Amino acid sequence: MANFQSIHSTRTGFGFWLQWVCVTVLGFLISLYWIEIGFKPDIGLMQGAIGGTVVGVAQTIVLRQRLPRSWEWAFATIVGWCFVDLLHVGVMGWVAPRTDATMGRLYYGMLDGVQVGLIVGAAQWLAIRRSLSQAWRWILGTGTAWAVGLSCGWIVGGILRLKTHLFLGEVVGLAFGWMMMGVLSGIVLVNLLNSTELEELEPSRSRPFK
Numbered sequence: 000m001a002n003f004q005s006i007h008s009t010r011t012g013f014g015f016w017l018q019w020v021c022v023t024v025l026g027f028l029i030s031l032y033w034i035e036i037g038f039k040p041d042i043g044l045m046q047g048a049i050g051g052t053v054v055g056v057a058q059t060i061v062l063r064q065r066l067p068r069s070w071e072w073a074f075a076t077i078v079g080w081c082f083v084d085l086l087h088v089g090v091m092g093w094v095a096p097r098t099d100a101t102m103g104r105l106y107y108g109m110l111d112g113v114q115v116g117l118i119v120g121a122a123q124w125l126a127i128r129r130s131l132s133q134a135w136r137w138i139l140g141t142g143t144a145w146a147v148g149l150s151c152g153w154i155v156g157g158i159l160r161l162k163t164h165l166f167l168g169e170v171v172g173l174a175f176g177w178m179m180m181g182v183l184s185g186i187v188l189v190n191l192l193n194s195t196e197l198e199e200l201e202p203s204r205s206r207p208f209k
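For the sequence shown, numbering that gives the first Met the number 0 assigns the number 0 to the initial residue and increments by one for each residue that follows.
This is the structure:
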């Protein structure tokens with residue numbers, strides 16, 4: 000039987016999910032003070048570290064309500080975004096695609112998004128695996144969330160840029176993408192927190208391997 004660190008007994012619901020979405024988007028917006036949205040070659044390791052720090056710390060503010068040692072999340076998020084660049088995937092959370100074609104943005108958004116999500120999600124899994132049962136689901140959930148979020152964000156950004164002829168449209172599109180990522184990853188996180196709580200309330204149940 001696995002040993003799980005204790006989480007707070009208050010059932011996690013809509014309020015926590017909404018806070019998660021808000022701090023995720025807010026973290027992205029605050030990061031724009033230091034990071035200028037650009038194309039893939041212009042956004043590198045330094046931007047990944049800065050962005051990962053801001054977003055990771057913002058999310059930790061919410062996570063500390065439910066998880067012990069939540070500071071590990073911020074560190075893992077920084078490491079994850081650095082590895083995204085080191086593995087030559089690209090710091091896509093702050094990147095606008097060069098193509099204007101909607102299908103191209105959809106395809107590459109999903110392709111790049113799932114890679115980003117799996118890498119960052121794997122790093123974050125290391126921070127939560129001792130606290131949440133079936134924490135491996137976070138990796139898959141984050142991969143899906145980023146695939147959907149980035150592709151939708153790039154499509155919205157392309158439409159807005161076409162309509163306004165302003166690069167600001169790409170920034171708004173990325174903000175929308177981060178919101179979508181927060182919405183979907185928040186659902187996964189709430190489910191993980193609640194399922195872990197139920198297992199702790201039923202100690203006689205056999206707990207699955209993480």
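The beta-carbon is built from N, C-alpha and C at its ideal position, and this holds for glycine as well. Quick caveat, the model's predicted, so the values are computed rather than measured.
By the criterion of a C-beta distance shorter than 8 Å, residue 56 is surrounded in its chain by 26 and 73, once the five residues flanking it on both sides are discounted. Closest in alpha carbon position to residue 169, among 59, 37 and 32, is 37. With respect to residue 75, residue 123 sits close: the two C-beta atoms are nearer than 8 Å. For residue 183, same chain residues with a beta-carbon under 8 Å away, outside a window of 5 residues either side, are 140, 143, 144, 147 and 148 in chain order. In the structure shown, residue 12 falls within a coil segment according to DSSP collapsed to helix, strand and coil. Excluding its 5 nearest sequence neighbours in each direction, residue 109 has C-beta neighbours in its own chain below 6 Å: 146 and 150, listed in chain order. Ranked by Cα distance from residue 125, the options 159, 20 and 79 are led by 79.
Within the same chain, and ignoring the five residues on either side of residue 85 in sequence, the residues whose Cβ sits closer than 8 Å to its Cβ are 44. Under the three-state reduction of DSSP, residue 176 is assigned to helix. Within its own chain, the residues whose Cβ lies closer than 7 Å to the Cβ of residue 24, once the five positions on either side in sequence are excluded, are 174, 177, 178 and 181, listed in chain order. Residue 37 carries a strand assignment under DSSP once its states are collapsed to helix, strand and coil. Using a 10 angstroms sphere on the CB of residue 97, the tally of other CB atoms stays under 16, which defines it as exposed. Taking the C-beta atoms as reference points, residue 50 is found no nearer than 8 Å to residue 69. Our two residues, residue 94 and residue 42, have alpha carbons roughly 7 Å apart in a direct line. In the structure shown, residue 90 adopts coil according to DSSP, grouped into three states.
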